[in-house]
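What follows is one structure encoded as structure tokens, with my remarks underneath.
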């Protein structure tokens, strides 16, 4: 079912920070064509507030296995494309399934390519999950992201239980008014977090 863990963020001087349109890059940790995590990201894009534009990443499956010898001038074109998308975004949403109590290899590989680069540090990030059985993966993902110095939302996670349900039921859940309200609330709170992060870093609109 539908759940959201939320907190209130400091809004000191928030009146001086406005977001015309926050560009969000949404990354699914699953490459499956009928992935519930990808379906959740698409649903979030559909209900996003007017001040937010969500683009869903479609390229982590194209990335080669991370190799430190291929960084710098030897960076593969697919990696450069992915990194540029991350750089251009104001914030990220990551939806992560759990494989064998861990982060899926494709997602971890994508993050590995960003570790020594400057696109992701201090970038606001929110997590989403399509299963109530992915605690191990999300704990591991938080550890990785904190190590990468992202501005991870302290409490907010959009959580919609879709795993194991047939496609028609998934569509019905995501189209339900209470689900849409939950997702929209989470996105509005994420907008507040992006504003707070901009204040902390002294970013200019």
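Residue numbers (UniProt numbering): 1 to 205.
In this text, a Cβ means the ideal position worked out from N, Cα and C, and glycines have one as well.
What are the boundary residues of the beta strand (DSSP E) that residue i is part of?
i	result
residue 163	Careful: residue 163 lies outside any beta strand (DSSP E) and carries neither H nor E.
residue 27	22-28
Counting only C-beta atoms, is residue i closer than 9 Å to chain C at any point?
i	result
residue 93	Of the protein chains in this structure there is only one, and it is not chain C.
Determine the DSSP secondary structure at residue i, reduced to helix, strand or coil.
i	result
residue 143	helix
residue 11	The pLDDT assigned to residue 11 is 38, lower than 50, so where the model puts this residue is not dependable, and the model offers no usable value.
residue 207	Because residue 207 is not part of the residues shown, which for the chain are 1 to 205, the question remains open.
residue 55	strand
residue 60	helix
residue 204	Caution is warranted here: a pLDDT of 43 is assigned to residue 204, below 50, making its placement in the model unreliable, and the coordinate value is therefore given only provisionally. Looking at residue 204 - three-state DSSP - the assignment turns out to be coil, as it is neither helix nor strand.
residue 108	helix
residue 31	coil
residue 130	coil
residue 125	strand
residue 156	strand
residue 151	strand
residue 77	helix
residue 89	coil
residue 5	In this prediction, residue 5 has a pLDDT of 44, which is less than 50 and means its spatial position is unreliable; what the coordinates show is noted afterwards. Strand, per DSSP.
By the DSSP assignment, the alpha helix (DSSP H) with residue i in it spans what residues?
i	result
residue 183	177-201
residue 117	Where residue 117 is concerned, there is no enclosing alpha helix (DSSP H), given that its DSSP letter is neither H nor E.
residue 37	36-47
Is it right to say residue i is buried, meaning 16 or more other beta carbons lie within 10 angstroms of its own, or is it exposed?
i	result
residue 37	buried
residue 74	exposed
residue 102	exposed
residue 177	exposed
residue 134	buried
residue 129	buried
residue 8	Note that residue 8 has pLDDT 39, beneath the 50 cutoff, so the model's placement of it is unreliable and no number is given.
residue 118	exposed
residue 29	buried
residue 258	Any answer about residue 258 is impossible in this case: the structure gives the chain only from 1 up to 205.
residue 168	exposed
residue 21	exposed
residue 186	buried
residue 34	exposed
residue 100	exposed
residue 97	buried
residue 188	exposed
residue 104	buried
residue 179	buried
residue 181	exposed
residue 166	exposed
Since residue i and residue j are thought to touch, with beta carbons under 8 Å apart, how far apart are those beta carbons, to the nearest angstrom?
i	j	result
residue 51	residue 25	Their Cβ separation, rounded to whole angstroms, is 16 Å, which puts residue 51 and residue 25 out of contact at 8 Å.
residue 113	residue 83	7 Å
residue 149	residue 121	4 Å
residue 23	residue 53	6 Å
residue 162	residue 39	7 Å
residue 71	residue 116	6 Å
ask   = Between the region 189-197 and the region 127-139, do at least 3 Cβ pairs fall closer than 8 Å?
value = no
task = Assess, as a yes-or-no matter, whether the region 140-155 is touched by the region 58-66 under the definition of 3 or more beta carbon pairs within less than 8 Å.
result = no
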